[in-house]
Amino acid sequence: VFTMDGLPQPVLKKFHDLGCQIYIGGPIWDICDRTARQHMAELQQKGENVHYIHPFDSPSVWSGHSTLIHEVREQLDGCKPGAIVTCVGGGGLLAGIALGLRAVGWEDIPIIAMETVGAHSYYEALKEGKPVKLDAVTSIAKTLGAQQVCQEVVHDAKRHTILSR
Numbered sequence: 785v786f787t788m789d790g791l792p793q794p795v796l797k798k799f800h801d802l803g804c805q806i807y808i809g810g811p812i813w814d815i816c817d818r819t820a821r822q823h824m825a826e827l828q829q830k831g832e833n834v835h836y837i838h839p840f841d842s843p844s845v846w847s848g849h850s851t852l853i854h855e856v857r858e859q860l861d862g863c864k865p866g867a868i869v870t871c872v873g874g875g876g877l878l879a880g881i882a883l884g885l886r887a888v889g890w891e892d893i894p895i896i897a898m899e900t901v902g903a904h905s906y907y908e909a910l911k912e913g914k915p916v917k918l919d920a921v922t923s924i925a926k927t928l929g930a931q932q933v934c935q936e937v938v939h940d941a942k943r944h945t946i947l948s949r
């Protein structure tokens, strides 16, 4: 498992207790991701059977996150909420929420997408109409952001009301 600098020790301990080998890949997600992909390629060249699972730019991830909306609908006995508020890092959770809203027929419910200052790649992507790579993640919350969100959440903004500031 590759992770970033600064992951809390209790989280690292849980991974260790599960038998995972932990690699610290860098100070922000984007650098960690590049390091993980490079390491994986080296292992594959040695004939090892390793797989890369993207944490936010994957239909499987979006599908998994979409189940949250099914649970919300069930817990609210089908009553629509006025809005959904979520955080955005790379966009996986947001894409899953949008997918879930479509699946339950709640496309008209607005989504409020929150980002930390200095990790506002979704806000910049909405302004440009395409993913934009930030020069750096300058937020003190380094583990909460990616320099660039996935294309899916930019596309979702054309299908849903998604507010970001």
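Under the numbering used here, the first residue of the sequence shown carries the number 785, and numbering increases by one thereafter. Backbone N, C-alpha and C fix where the C-beta goes; we use that ideal spot for every residue, glycine too.
- With contact defined as three or more Cβ pairs closer than 8 Å, the segment 864-875 and the segment 896-903 are in contact.
- Under the 8 Å Cβ criterion, the segment 854-869 does not count as touching the segment 817-837, having fewer than three qualifying pairs.
- The C-alpha of residue 790 lies about 31 Å from the C-alpha of residue 883.
- Within a 10 Å sphere around the beta-carbon of residue 841 sit 16 or more other beta-carbons, which makes this residue buried.
- Residue burial annotation: residue 891 is exposed, with fewer than 16 other C-beta atoms found within 10 angstroms of its C-beta.
- Positions of the beta strand (DSSP E) runs, each at least 3 residues long and wholly inside the segment 911-939, cannot be given because no such run exists.
- The residue from 893, 906, 929 with its alpha-carbon nearest to that of residue 938 is 906.
- Cβ-Cβ distances below 7 Å link residue 921 to 812, 902, 903, 929, 931 in the same chain, with the five nearest sequence neighbours on each side left out; the list follows chain order.
- Residue 871 carries a strand assignment under DSSP once its states are collapsed to helix, strand and coil.
- When the alpha-carbon of residue 934 is set against those of 947, 885, 880, 919, the nearest one is in 880.
- Rounded to the nearest whole angstrom, the CA to CA distance from residue 843 to residue 796 is 27 Å.
- Fully enclosed alpha helix (DSSP H) runs of no fewer than 4 residues occupy 843-859, 876-887 of the segment 828-898, in order along the chain.
- Closest in C-alpha terms to residue 853, from the list 868, 839, 845, comes 868.
- Membership of residue 793 in the alpha helix (DSSP H) is indicated by the continuous run 793-801.
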